[in-house]
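Engineer: Every letter in the sequence shown is one number past the one before it in the UniProt record's numbering, and letter 28, counting from 1, is 28.
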Amino acid sequence: MRPGYIFASGLRRSDSDKTIIYGGEIYSADPHNPHPEAIGIAGKEIVAVGRYADVLNQLGKNARRMDLQGKYLMPGLIDSHAHVADAGFQTLTVAFPDGMKDAAAIRAFVEKNANNPRRDIHGVQFYSNVPLSYWDNIGLLDSVFNSAAYKNTPVALGGADAHTGWVNQAMLRKAGLNDLTLEKADPGIKAGTVLTPDGKISGFVTEGAWDSCPERHPPRRRRENRPPITAGADVMNRFGPHGVDGAAQ
1 MRPGYIFASG
11 LRRSDSDKTI
21 IYGGEIYSAD
31 PHNPHPEAIG
41 IAGKEIVAVG
51 RYADVLNQLG
61 KNARRMDLQG
71 KYLMPGLIDS
81 HAHVADAGFQ
91 TLTVAFPDGM
101 KDAAAIRAFV
111 EKNANNPRRD
121 IHGVQFYSNV
131 PLSYWDNIGL
141 LDSVFNSAAY
151 KNTPVALGGA
161 DAHTGWVNQA
171 MLRKAGLNDL
181 TLEKADPGIK
191 AGTVLTPDGK
201 ISGFVTEGAW
211 DSCPERHPPR
221 RRRENRPPIT
231 AGADVMNRFG
241 PHGVDGAAQ
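1. Under the three-state reduction of DSSP, which class applies to leucine 68: helix, strand or coil?
2. Is alanine 175 helix, strand or coil by DSSP?
3. Between which residues of its own chain and lysine 18 is the CB-CB distance below 6 Å, once the five residues before and five after are set aside?
4. Should lysine 174 go down as buried or exposed, given a rule of 16 or more other Cβ atoms within 10 Å for buried?
5. Quick check: aspartate 179 and glycine 208, are their CB atoms within less than 8 Å of each other?
6. Using the DSSP secondary-structure output, state which residues sit across from tryptophan 166 in a beta bridge.
7. Can you give the Cα-Cα distance for alanine 156 and glycine 24, rounded to whole angstroms?
8. Can you give me the Cβ contacts of asparagine 116 inside the same chain, cut-off strictly under 7 Å, excluding the 5 residues immediately before and after it?
9. With 16 other CB atoms within 10 Å as the buried threshold, where does proline 34 fall?
10. Going by DSSP in three states, threonine 193 sits in which element: helix, strand or coil?
11. Figure out for me which residue from Leu73, Pro31, Asp30, Asn57 has the closest Cα to the Cα of tyrosine 22.
12. Check for me: the beta strand (DSSP E) holding valine 130 runs from which residue to which?
13. Relative to the C-alpha of leucine 141, which residue among Gly203, Ala191, Glu45 is closest?
14. Give me, in chain order, the residues of the same chain whose beta-carbon lies closer than 7 Å to that of threonine 196; leave out the 5 immediate sequence neighbours on both sides.
15. Tell me whether proline 97 is buried or exposed, calling it buried when 16 or more other Cβ atoms sit within 10 Å of its Cβ.
16. If I measure Cβ to Cβ from leucine 68 and keep anything under 6 Å in the same chain, skipping five residues before and after, which residues do I get?
17. Please identify the residue among Phe145, Gly70, Leu92 whose C-alpha is closest to the C-alpha of glutamate 111.
18. Can you tell me whether DSSP reads alanine 148 as helix, strand or coil?
Okay, structure coming up:
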């Protein structure tokens, strides 16, 4: 958390004010101190972040105090966004867990969810909220989901960031993504389709290429989008007011 503007419910700001905010869960975006005890504000800028005693010492004993009473506070995230529908969609589907290091572990997880009604969507075996660390081991995904058993079973794995994904060969065929169509595709799809060292489509897709996989989630008809959007909004509303700049599907 660095000096900048802040959004906080119930806080009336003045350029001459000094305010200490404490007593809740504060998000700093600093990996070395993700949840400081307090922040200090002078005028419209955050000028101190850290232990309550240190912030008090910097701003002075006459600074106004604002007790969050256990509530959550985060700084405004300028130029950032939240994927509300995607996040809600993740709560309605099967999440792909972290830490599966070998093919046997993935197969066991798949077998455990074989009859899970949330898994298969429009003929696609879909897993959401996939930890991005799996993108460093595409060979592991290949060994399971491009094996003979999956020759005719489309599989799509949606990254936790909502910008990346991986699909198997059957899914590439279902999505109509191949060497010929890629050559004629829009620049965004070309840029987001990652190739192997020998120039083949790897299955790892980002941004426009990931969005082009039409079966990665239910069709974008309003009546089918409503449950994910509602679920996502419910999750975001639990945190109260926040400074997220915008929402993206």
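Built from N, CA and C at the ideal position, the CB exists for glycine as well.
Structural biologist: According to the data block:
1. Looking at leucine 68 - three-state DSSP - the assignment turns out to be coil, as it is neither helix nor strand.
2. Of the three classes helix, strand and coil, the one that applies to alanine 175 here is helix, per DSSP.
3. For lysine 18, where only same-chain residues beyond five positions count, the Cβ hits under 6 Å are Ala42, Leu59, Ala63.
4. The residue is buried, with at least 16 neighbouring Cβ atoms inside 10 Å.
5. Result no, Cβ atoms of aspartate 179 and glycine 208 do not sit closer than 8 Å.
6. Checking the DSSP bridge columns, you'll see tryptophan 166 partnered with Leu157, Phe204.
7. Separation of alanine 156 and glycine 24 (C-alpha to C-alpha, rounded to the nearest whole angstrom) is 39 Å.
8. Correct list, in chain order: Val94.
9. By the neighbour-count rule (16 or more Cβ atoms within 10 Å), proline 34 is not buried but exposed.
10. The answer is strand: DSSP assigns threonine 193 an E or B state.
11. Nearest of Leu73, Pro31, Asp30, Asn57 to tyrosine 22, Cα basis: Leu73.
12. Following the DSSP letters along the chain, one finds valine 130 inside the beta strand (DSSP E) bounded by residues 124–130.
13. For the residues Gly203, Ala191, Glu45, the minimum Cα distance to leucine 141 belongs to Gly203.
14. Around threonine 196: Ser202.
15. Exposed.
16. Cβ within range, chain order: Gly23, Gly24.
17. The residue among Phe145, Gly70, Leu92 with its C-alpha nearest the C-alpha of glutamate 111 is Phe145.
18. Here alanine 148 sits in helix by DSSP.
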